[in-house]
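2 protein chains.
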Amino acid sequence: MGIMLSYQEARAWLLERARPLRTHQNVSLSQACGRVLALPVQAGVDVPPHDNSAMDGYAVRCADLAAALPVSQRVPAGSVPLALQAGTIARIFTGAPIPPGADAVIMQEQATAGEDGKVSFTVVPQPGQNIRRRGEDIANGQVILEAGKMLTPADLGLAASIGLASLPALPTLRVAVFFTGDELVEPGQPLGAGQIYNSNRYWLVPALHKLGCEVIDLGHVGDALEPTRQLLRDAAAVADVIVTCGGVSVGEEDHVKAAVEAEGELTLWKVAIKPGKPLAYGKVGDADFIGLPGNPVSGFVTLQTLVKPFLQRRMGLDVPPPEAQCLPAAFAWDRPDAKRSEFLRVRKVAGELQLYPQQGSGVLMSCAWADGLVWLQPGQVVKPGDALAYLEMA
Amino acid sequence: MGIMLSYQEARAWLLERARPLRTHQNVSLSQACGRVLALPVQAGVDVPPHDNSAMDGYAVRCADLAAALPVSQRVPAGSVPLALQAGTIARIFTGAPIPPGADAVIMQEQATAGEDGKVSFTVVPQPGQNIRRRGEDIANGQVILEAGKMLTPADLGLAASIGLASLPALPTLRVAVFFTGDELVEPGQPLGAGQIYNSNRYWLVPALHKLGCEVIDLGHVGDALEPTRQLLRDAAAVADVIVTCGGVSVGEEDHVKAAVEAEGELTLWKVAIKPGKPLAYGKVGDADFIGLPGNPVSGFVTLQTLVKPFLQRRMGLDVPPPEAQCLPAAFAWDRPDAKRSEFLRVRKVAGELQLYPQQGSGVLMSCAWADGLVWLQPGQVVKPGDALAYLEMA
């Protein structure tokens, strides 16, 4: 009838069950931001590919520089220079290849052209100065991107810089969602007596998108067993993970629980977190089933603290332990929960944590206002100035 | 010939020129994540809309509870209860309206049903217990979302919870990008002598997407004035902001500078940041023009530190001053730049900052490896353990 787990136990238990996606596909760079890299990427070239100029200026042979010298060639970026003739210099621009025989670049601000066209310099250059060497930044064969990372803009620029037009990425995790309850009405519709708006749909779908999932929104089903079973089968056919809100506590009206048990298997927990507590994990066919609490704040916090790491590992990401920042409280909290870890909704202002005054779980106001959660241990009280564990909500 | 500005001066100068978008449109909740809210949102209803049960259990009148009592009605969520008959209790479920006359809910775990169907309780309830009051979370008329914020999943759930199907959002900022240089080759193509891959395109476009911009990628143009002028006119016709990489320093080969000056106006700066330095701001028609340095690392860091706040304010967001975390260094740095603010590419590991060993600006390796920047003042050296200003790269 429900196992009671600590926050850490529940997190570890879920993570153990997150089988990372394995098959991969080549994804073009312009589609790859936010995808998870399936294999390490090795450079197949040197970067830069040739010695080149770090400046707009003049390529010189240091030994020649006793007097003003004539300019024997002009080397814009993208051109192929000739060998530098003895006793001459080359006009050169940033990124342009260094002419064979030149051993330094002098920036143009340190050059003066005489009336005869010869150029003299206000400095004595060191050999190698203002030259970027071939392979200095990336050597042929070097691993430049590790598997299991979510690809960032900089990663894609890096891949492009070595000529890769695509990268081996894991598939996007497909997450099906549906929403249950006779009392739910879609926003924009009039509200009848005893009805409430379906708010879970409108935070859950974008929150899953932000994590990098493909979301399959199967809509709303009333409190009835057969339609719920049908929706579960539909969801399992198209998704890697099924997420619902509500219908998984121990009350009689919870058809989701009965439907998952009929179509697969289900473990119900109580997790010692507040807001939160009821959480269900199961399997329907080959899909994972996650049942979030129906209360929006409980569901939101449970997604952030427990389900997000599960989904991230399921996507193939390396998931580190929760990394809390240590920040001072600008508030007091003297109503600790004796048995549960509490996640207070807070906002970081000028390096301090401010508390949303109403921490009740009835409405998402606190979550909309907050930019993060303070993770309190069971029984922990807070005095202003106490150092607290702050988890940013991305 | 280029004004030299400090980092803070350049940031403030750019922000002053960022005219926030003004016209707005109603955007359905399912399309609104990441959009900027144009007007404050006031609640037009109470939340919750009626007193309701916080538990699965029994709705009772506390004064009646001397003995075991019969269950006179059953109130699932979404139903409309009758007034509670004196001397009876109501079976009730989470979220269901409280029957008139009931003044507390007792959780089902504290109830025992006898063989006669009457229910007795192991606790003495307090009036009001386990009841969520109408309007307790949001009162009719309350401002729930402030203008100028980027809409998050929680904001959308909150809007849905009060029945709003759409929100007044500013338009998505349209940013046109193009890339210049005879030496540039697209990744996947063979590289000729003196050529390099166009890496700027592949980090800049997704970085702008991540900021919430619509990106119009106008491709690549060679080092020639007329095609560059045409591209600028095309860009100004469709975009709010034009961003290019390269072509804006003082060298002769910089056709972008000449093209912007011919089609509009341009201010060239040297900004005392490293990597970075050259930056251009101008106007072409009604569009802003931003010229990033052509070096990928310089361009990337300049986008993160200077252009991102400009674009955010241009999008209509409230842009706070850069909020640095204060974190200890796990490295030493004894090569400070005497005159420029330096942005070192670092990674946060177990609460400490690790340095990418090659801080040269030749390649995006450091930016791909890093999760943030350390902001050093001119001349600042670093010893292990020093507290540093860390800017996360989102």
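Residue numbers (this note's numbering), protein chains in the order written: chain A, 1 to 394; chain B, 395 to 788.
All C-beta atoms, glycine included, are put in the ideal place defined by N, C-alpha and C.
Computed from a predicted model, the values in this text were never measured in an experiment.
- The C-alpha of A533 (chain B) is placed about 34 Å away from the C-alpha of Q325 (chain A).
- Of the other Cβ atoms in all chains shown, 16 or more fall within 10 Å of the Cβ of V740 (chain B); this residue is therefore buried.
- Residue state for L423 (chain B) is assigned as helix, using DSSP reduced to three classes.
- Taking C-beta atoms under 8 Å as the contact rule, V381 (chain A) and P336 (chain A) qualify, at a distance of about 5 Å.
- Taking 8 Å as the CB threshold, N420 (chain B) stays off the interface with chain A.
- With contact defined as three or more Cβ pairs closer than 8 Å, the region 141-152 of chain A and the region 50-67 of chain A are not in contact.
- Cβ atoms of R134 (chain A) and P48 (chain A) come within 8 Å of each other, at about 6 Å.
- The closest CA to that of A412 (chain B), considering only B:N420, B:P703, B:D611 and B:A666, is found on B:P703.
- Partner residues in a beta bridge of V599 (chain B), as assigned by DSSP, do not exist.
- Around the beta-carbon of L782 (chain B), 16 or more other beta-carbon atoms lie within 10 Å, marking it buried.
- Between V632 (chain B) and G685 (chain B), the CB-CB gap reaches or exceeds 8 Å.
- Close CB contacts of N420 (chain B) within its chain, under the 8 Å cut and outside five residues either way in sequence, are with S560, L561, P562 and A563 (chain order).
- Residue burial annotation: Q312 (chain A) is buried, with at least 16 other C-beta atoms found within 10 angstroms of its C-beta.
- A distance below 7 Å between beta-carbons, with the five flanking residues on each side excluded, links S161 (chain A) to the following residues of its chain, in chain order: V47.
- Around E265 (chain A), the same chain offers G282 and K283 as residues with beta carbons nearer than 7 Å, after the five sequence neighbours per side are excluded.
- M449 (chain B) sits buried, since 16 or more C-beta atoms from the chains shown fall within 10 Å of its C-beta.
- Within chain A, no C-beta atom comes nearer than 9 Å to that of K702 (chain B); the closest sits roughly 12 Å away.
- Exclusion of the five residues before and after P40 (chain A) leaves V143, L145, E146 and A147 as the residues of its chain whose Cβ lies within less than 8 Å of its Cβ.
- Non-local C-beta neighbours of G163 (chain A) in its own chain, meaning closer than 7 Å and more than five positions away in sequence, comprise V45, ordered along the chain.
- With contacts defined by Cβ atoms closer than 8 Å, P206 (chain A) and L550 (chain B) form a contacting pair.
- Beta-bridge analysis with DSSP links A432 (chain B) to no other residue.
- Listed along chain A, the residues sitting closer than 7 Å to D549 (chain B) by beta-carbon distance are A368.
- Residue environment analysis places T94 (chain A) among the buried positions, since at least 16 neighbouring C-beta atoms fall within 10 angstroms of its C-beta.
- Neighbours of N534 (chain B) in chain A, taken as residues at a C-beta separation under 9 Å, are lacking, since the least C-beta distance is about 13 Å.
- The alpha-carbon separation between P153 (chain A) and L191 (chain A) amounts to approximately 44 Å.
- Relative to the Cα of N594 (chain B), the nearest Cα in the group B:R485, B:P690 and B:A618 belongs to B:P690.
- The beta carbon of S692 (chain B) sits closer than 6 Å to the beta carbons of P669, G670 and S755 from its chain, once the five residues preceding and following it are set aside; these are given in chain order.
- Taken through DSSP and simplified to helix, strand or coil, K733 (chain B) comes out as coil.
- With a cut-off of 8 Å on Cβ pairs, the region 210-221 of chain A is not in contact with the region 490-504 of chain B, counting fewer than three such pairs.
- Taking C-alpha positions only, L721 (chain B) is separated from A762 (chain B) by approximately 21 Å.
- A Cβ of chain A is located within less than 8 Å of the beta carbon of T546 (chain B).
- The Cβ atoms of E342 (chain A) and L306 (chain A) lie no closer than 8 Å to each other.
- Chain B has no Cβ within less than 8 Å of the Cβ of F121 (chain A).
- Within chain B, the C-beta atoms nearer than 8 Å to that of H209 (chain A) come from C427, in chain order.
- In the structure shown, D458 (chain B) falls within a helical segment according to DSSP collapsed to helix, strand and coil.
- Contacts with chain B (Cβ-Cβ distance below 8 Å) from the region 158-183 of chain A involve L158, A159, A160, S161, I162, G163, L164, A165, S166, G181, D182 and E183, listed in chain order.
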